[in-house]
Amino acid sequence: MAATEPVAIIGWSVSPMERRTDKTEAQLLLDVITDATAHAGISRADVDFTCAGSCDYVAGQAFSFVQNINAIGAWPPKRDSHVEMDGAWALYEAWVRLQLGDLDVALATGSGRSSTADPATIYPMEMDPYYLAPLGADAVSMAALQARVLLDAGLVTERQMATIAARTRRDAVANPHAQVSGEFDVDALLAGEYVRDPLRRHDLPPITDGACAVVLARGEKARELTDRPVWITGFAHVAEAHQPGVRDLRVSTSAARAAKAAGVAEGGPIDVAELQSAFTHEEPVLTAALGLGPEVAINPSGGPLAANPIMATGLVRIAEAARQIRDAGKRRALAHATSGPCLQQNLVCVLEEGR
Amino acid sequence: MSKNPCAIIGIGQTQHKSRRWDVSLGGLVREAASRALEDARLTWADVDAVVLGKAPDLFEGVMKPELYLTDALGAAGKPMFRVHTAGSVGGTTGIVAAHLVETGIHRTVLAVAYQKQSEGNAQFALGSGKGASLGAGGAFAPYMRSYIHRTGAPLDVGPMVAVKDRQNALKNPYAHLKLADISLEKVKASQMMWDPIRYLESCPSSDGACAVVLTDEAGGLAAAADGRPPAWVLASAVRSEPSSFPGRDAVWSAGAADCAADVYRQAGITRPREQIDCAELYVPFSWYEPMWLEAHHIVGHGEGWKLTERGDTALGGAFPVNMSGGVLSTNPIGASGLLRFAEAALQVRGMAGEHQVDGARVALAQAYGASAQYFSMWLVGSSPDPFA
Amino acid sequence: MTTYVESTVRFPYKRSLGPVIGQFMTGLTEARLLGIRADDRVIVPPVEWDPETGEQLAHEFVEVGPAGTVRSWCWVEKPTTQHPLDRPFAFALIELDGASTGFLHAVDAGRREAMTTGMRVVPRWRTERRGHITDVEAFVPGDQPLPVERAEPAGEPVTMMTYDAEVHYLTPVTENETRVGQAAAEGRFLGLRCPRCARLYVGGKNDCPICAVALTPQDEVDLPQRGTITNYVIITPVQYPGQTETEPFARVHVLLDGVDVVLMFQPVVDLANDDVRPGVRVSAVWTPPDGTGRRALAGWRPTGEPDVDDPALVNRIH
Ligand SMILES: [Zn+2]
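Chains as they are written, first to last, in the working numbering: chain A, 5 to 359; chain B, 387 to 774; chain C, 23 to 340.
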């Protein structure tokens, strides 16, 4: 659905991305909210609505998000919400809320300390509780099954996957938040051992602790607060069937639907895309589904292969896409977030330069 | 830009029980959702988006269950959204769904909330698996002691609420607890769990789900023309405040007051006690009935228990509260908020059956969560403009 | 140096299966693999609703397999404790003969080189089957069904399963939490005064929730060790895995002398549950030094002073 009331991103902050931070989620959020509001030229008191994205099982505690509201300064009491989803969906709720027209400024966050537990023991818990979770069906294995389907179908090669890894790591050099970056030789990468055949280490994201905050403002308020608003001109998300075994893993029908609903193909070419392709082979699946041609720069930040703070990775994509417009002179950007096994659920956010 | 009207045209809930061992997790949410669609005379294909609410994933040991439940809720090819705002989540689920309609982003939205407490253990989950979990009653008992002290409420008021809500539940075919022989004496004789909260003044642990179909003005008018009255969302609001800081008053809390004031302002309500016909308030422990009547300024501070004591909050009273039997009779935690919101809608649609408040035109629903610090409320009416 | 606290969240969840999953699990006890018909497809494992349209499926079960074809696979070199095998194996999507979908399970192929897409596999059944997805221990390469003692049709249909979730967590102890612990080891109570609003918090807190600013060691103050009980709760413990309490226990709120700080849900020492009430004067009790000389707060013990006669104390919960 294309936006009916113009809403713009006016500020953001991405925390340092680390293998293991000594900060709690609330502390990470305290910092990124302070920085994002400063970036937007406002204070916490100016925020009319907040929405957070985080996950109890990542934190290892029921109601873990309750402590995180200390970071937003909810006094006097605030209009506030929380999604047990990536912060990109928190931003979606904030975007919806602003379109009611009675509030002007909203804040969305995503936070996750992936290091708190072994993701291989957490992720099976999001799978079908009868058939898949009891097998310990972990995210890396599910991704590897999709990669094999693509390889067997000739839709991608291991060399292409290594090339994607090398490119994102090279691009990540310029990203102060990147956890994995540098110059890597494709042949050397391909000489590496499989971690989960057909996936090698470079096909996988790192384990990352981090958080992100993004500030939204509506219409005139956005123009008043900044002369360079980054407008959200399309925003949609779509799910598909849960079990990988019932889906055609060569394609992402839900990403394609989300792109259509967000109007990606209308309104001019996409210059740059930040995709939550946490595994190398997901990039060609997504670019095909989203209709992104070779002319579109993909993940100039390095993407999730450079830093992958679960529950914030998707929101970071939106912040990085906004950065591409505001700081790198791009006109139209696409940000993507995903959740679930083999790209089960996909979100697309289209951003455009100020007009 | 002003909000588009939003109509509730379908409501469904499961048979609530302590153990719904006849269904899977998917089967539980499906039962409520199918009934809501049937009530709305819609098919799965008519639903544009699904909003799913539930409290902590540790209750059932399924992380981000919106992924697995996509199939059960017919959400393949559609947006599937998951909210979690502690105990208030059921309310938030309804509100986020309403926003999707009010903004014109979607035409028809299915809101579903559930909890299947029998899969796990609530005290375990509330304590995140650590020892000496206070449980919900342990966390709230001090607030009630403070309330009783500051208002001088007679000690029978809590037990009176416990009796009244259980009697209402006898009229609700979906309610979990059916205590036909409930009496003041029985409540007072039941074990003191967390002084001043007795066993029979506490909510049960339930398996259950609730679903609500929300649609736009055209959909609401079409239902009305078909002889199926919709409920119109007149106002909605949420508020959160920190768990603890020096001097925080969690009895008449600022968040509760602000949330209510927001709803009253949106709906043009200046005398809530007179202008609202009935209310479904989140009362998991008996004393929360008078506490919420006051904290949400339905009546003045110190006046809430008087309503209860006079019998005003009973089904035939001047201001009925928890006609459904409330959380005290049915508590699938994540669904409990949406059950309140749905019951308010049932009342103004005139479809509440034996627990119908005669002539209810405007109904209030509320849910709260965590350390009484998350609030969600909505106000629904039998017409979009009941005060015109 | 940052320290971490280890914890394990473990719970044996008890799941009811409903009519379709229950039928499949019952089939497993009989060493039979069932799918469900959905138009011209057969979905395995069977699901209750059409994954594409959401429509309810008729309960038309079809026996499939036991042999099947690997449609995709990956090699798990280092299994986790949650995986079905404790040695290297493959996860595979297996299209069982007669099925239209991929069934996820393990293939015990011994070595990676033995795996190919399109290979034929058959299930290796457990001898004792309980109606659980792991009744198939794993699939193994081959086209001919392995001999299996086919149980008689189950007397009772399988309706329930358990799921033992276990996750180990490593949570950082923040600097403030470490310092309050260190102070406690010396028998001292630390507080933190917000540099912006001057509200005083009990030590170990990381931020002022009113101002949303970090609290740091520079904000530390020593807190008094005497106070008054303002409010309380007696908890009747419910037993659950991980529960440490068996008898009703008290938790009290203590307003410290001379400062605006309430300690919430504190344990008590030498105070019977029946004697817990607002107004009781208490002081902190520390455990004797342990082997490393460290103390810890044991709880709050009555000082013997007369009760504080202030009925409004009960309102100080926070
Ligand atoms: Zn402060």
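Even glycine gets a Cβ: it sits at the ideal position worked out from N, Cα and C. Since this is a predicted model, take the numbers as computed values, not measurements.
So does VAL235 (chain C) have its beta carbon nearer than 7 Å to some heavy atom of ligand 1?
On the third sequence, position 213 is the one that residue 235 (chain C) refers to. Yes, Cβ of VAL235 (chain C) sits closer than 7 Å to a heavy atom of ligand 1.
To test your reading of the DSSP string, which unbroken alpha helix (DSSP H) runs of 4 or more residues are found completely within the region 387-418 of chain B?
Complete alpha helix (DSSP H) runs here, min 4: none at all.
Hey, is the region 182-194 of chain A in contact with the region 20-35 of chain A, meaning 3+ C-beta pairs nearer than 8 Å?
Because the criterion of three Cβ pairs below 8 Å is met, the region 182-194 of chain A and the region 20-35 of chain A touch.
For GLY140 (chain A) and chain C, any beta-carbon pair shorter than 8 Å?
Sequence index remark: in the first sequence, residue 140 (chain A) carries index 136 (1-based). So, interface residue.
Note down, in chain order, all residues in the region 391-413 of chain B with a beta-carbon under 8 Å from any beta-carbon belonging to chain C.
Listed by position, the residues of the region 391-413 of chain B near chain C (Cβ gap below 8 Å) are ARG405, ARG406, TRP407, ASP408, VAL409, SER410, LEU411, GLY412 and GLY413.
With 8 Å as the threshold, decide whether the Cβ of PRO465 (chain B) is near any Cβ in chain A.
Position 79 of the second sequence, counted from the start, is the residue given in the question as residue 465 (chain B). True, the Cβ-Cβ gap to chain A drops below 8 Å.
For GLY120 (chain C) and GLY249 (chain A), what's the separation of their Cα atoms in angstroms?
Your numbering for residue 120 (chain C) matches position 98 in the third sequence. Your numbering for residue 249 (chain A) matches position 245 in the first sequence. Rounded to whole angstroms, GLY120 (chain C) to GLY249 (chain A) spans 15 Å at the Cα level.
Give a yes or no on whether the minimum CB-CB distance between VAL87 (chain A) and chain B is below 8 Å.
Counted from its first residue, the first sequence places residue 87 (chain A) at position 83. Closer than 8 Å to some Cβ of chain B, the Cβ of VAL87 (chain A) qualifies, so yes.
Are the Cβ atoms of ALA665 (chain B) and VAL707 (chain B) separated by less than 8 Å?
Here residue 665 (chain B) refers to the residue found at position 279 of the second sequence. Here residue 707 (chain B) refers to the residue found at position 321 of the second sequence. Yes, the pair counts as a contact, with Cβ atoms nearer than the cut-off.
Along chain C, which residues have their Cβ under 8 Å away from the Cβ of LEU520 (chain B)?
Translated into positions along the second sequence, residue 520 (chain B) becomes position 134. VAL255, ILE257, ARG273 and PHE287, listed in chain order.
Is ARG221 (chain C) near ligand 1, going by C-beta to nearest heavy atom under 7 Å?
For the purposes of this step, residue 221 (chain C) is taken as the residue at position 199 of the third sequence. Yes, the beta carbon of ARG221 (chain C) sits closer than 7 Å to at least one heavy atom of ligand 1.
For MET73 (chain A), verify whether its CB is less than 7 Å away from any heavy atom of ligand 1.
Mapped onto the first sequence, residue 73 (chain A) falls at position 69. Note on residue identity: the sequence assigns Ile, not Met, to residue 73 (chain A). Answer for ILE73 (chain A): no, Cβ out of range of ligand 1.
Here's the rule I'm using: 16 or more other beta-carbon atoms within 10 Å means buried, otherwise exposed. How should MET89 (chain A) be labelled?
Your numbering for residue 89 (chain A) matches position 85 in the first sequence. So MET89 (chain A) counts as buried.
Could you check where the beta strand (DSSP E) with LYS100 (chain C) kicks off and where it finishes?
By 1-based counting over the third sequence, the position of residue 100 (chain C) is 78. That residue, LYS100 (chain C), is in no beta strand (DSSP E); it is neither H nor E in DSSP.
Closer than 8 Å between beta carbons: that is the criterion. Which residues of the region 201-228 of chain C meet it against chain A?
From the region 201-228 of chain C, only ASN228 have a Cβ closer than 8 Å to chain A.
Please name the residue or residues paired with GLU85 (chain C) in a DSSP beta bridge.
In the third sequence, the residue the question calls residue 85 (chain C) occupies position 63. According to DSSP, which records beta bridges pairwise, GLU85 (chain C) is partnered with C:LEU56.
Indicate the three-state DSSP secondary structure (helix, strand or coil) for ARG303 (chain C) in the structure shown.
Stepping through the third sequence from its first residue, residue 303 (chain C) is reached at position 281. It is a strand residue.
8 Å is my cut-off, CB to CB: does GLU332 (chain B) come that close to chain A?
The question about residue 332 (chain B) has no answer here: the residues shown for chain B are numbered 387 through 774.
Kindly examine ligand 1 and report whether one of its heavy atoms sits closer than 7 Å to the Cβ of ARG218 (chain C).
In the third sequence, the residue the question calls residue 218 (chain C) occupies position 196. Answer for ARG218 (chain C): yes, Cβ within range of ligand 1.
Below 8 Å between beta carbons: does that hold for THR30 (chain C) and GLU188 (chain C)?
Here the question's residue 30 (chain C) lines up with position 8 in the third sequence. Here the question's residue 188 (chain C) lines up with position 166 in the third sequence. The answer is yes: Cβ separation under 8 Å.
Measure from the C-beta of PRO308 (chain A) to each C-beta in chain B and report whether the shortest distance is under 8 Å.
If you number the first sequence from 1, residue 308 (chain A) lands on position 304. Output row for PRO308 (chain A): interface = no.
Go ahead and pull the three-state DSSP assignment for VAL598 (chain B).
For the purposes of this step, residue 598 (chain B) is identified with residue 212 of the second sequence, where counting begins at 1. In the structure shown, VAL598 (chain B) sits in a strand (DSSP, three-state: E or B).
Mind checking whether ALA262 (chain A) and ALA240 (chain A) have CB atoms under 8 Å apart?
The sequence position of residue 262 (chain A) within the first sequence is 258, counting from 1. The sequence position of residue 240 (chain A) within the first sequence is 236, counting from 1. For ALA262 (chain A) and ALA240 (chain A), yes; Cβs fall inside 8 Å.
MET763 (chain B) by DSSP, collapsed to three states: which one?
By one-based count along the second sequence, residue 763 (chain B) stands at place 377. If DSSP states are grouped into helix, strand and coil, MET763 (chain B) belongs with the strands.
When you compare each of A:ASP156, A:LEU107 and A:VAL100 to GLY490 (chain B) by their alpha carbons, which one comes out closest?
For the purposes of this step, residue 490 (chain B) is taken as residue 104 along the second sequence, with counting starting at 1. Of the listed residues, the one whose Cα sits closest to GLY490 (chain B) is A:VAL100.
Evaluate ASP165 (chain C) with the Cβ neighbour count: other Cβ atoms within 10 Å of its Cβ, from every protein chain shown; 16 or more gives buried, anything less gives exposed.
Mapped onto the third sequence, residue 165 (chain C) falls at position 143. The residue is exposed, with fewer than 16 neighbouring Cβ atoms inside 10 Å.
How long is the line joining the alpha carbons of CYS346 (chain A) and TYR760 (chain B), rounded to whole angstroms?
Counted from its first residue, the first sequence places residue 346 (chain A) at position 342. Counted from its first residue, the second sequence places residue 760 (chain B) at position 374. CYS346 (chain A) and TYR760 (chain B): Cα-Cα distance of roughly 34 Å.
Give the range of the beta strand (DSSP E) segment to which MET530 (chain B) is assigned.
Reading the second sequence from its first residue, position 144 is the one you call residue 530 (chain B). Unbroken run through MET530 (chain B) is the alpha helix (DSSP H), 521-537; no beta strand (DSSP E).
Per DSSP, which one or two residues make a beta bridge with LYS36 (chain C)?
Position 14 of the third sequence holds residue 36 (chain C). Answer is C:THR184.
Is ILE232 (chain C) near ligand 3, going by C-beta to nearest heavy atom under 7 Å?
For the structure depicted, ligand 3 is absent and the ligand set comprises only ligand 1.
Among A:ALA192, A:ALA217 and A:GLY64, which residue has its Cα nearest to the Cα of GLU28 (chain C)?
Here residue 28 (chain C) refers to the residue found at position 6 when the third sequence is read from its first residue. Per the Cα distances, A:GLY64.
Answer with yes or no whether the minimum CB distance from TYR500 (chain B) to chain C is below 8 Å.
As a first step, residue 500 (chain B) is located in the second sequence; it is residue number 114 there, counting from the start. Taking Cβ atoms only, chain C never reaches closer than 8 Å to TYR500 (chain B), which makes this a no.
Which runs of the alpha helix (DSSP H) fall wholly inside the region 636-703 of chain B and span at least 4 residues, in chain order?
Qualifying alpha helix (DSSP H) stretches, in chain order: 640-653, 658-661, 674-681 and 690-696.
State buried or exposed for GLU270 (chain A), treating a residue as buried only when at least 16 other CB atoms are found within 10 Å of its CB.
In the first sequence, residue 270 (chain A) corresponds to position 266, counting from 1. Exposed, since its Cβ has fewer than 16 Cβ neighbours within 10 Å.
Is the beta carbon of ILE73 (chain A) closer than 8 Å to that of PRO628 (chain B)?
Here residue 628 (chain B) corresponds to residue number 242 of the second sequence, with the count starting at 1. Here residue 73 (chain A) corresponds to residue number 69 of the first sequence, with the count starting at 1. Yes. Within cutoff.
If contact means a Cβ-Cβ distance below 9 Å, which residues of the region 242-265 of chain A contact chain C?
Residues passing the 9 Å Cβ filter: GLU244, ALA245, HIS246, GLN247, PRO248, GLY249, VAL250, ARG251 and LEU253.
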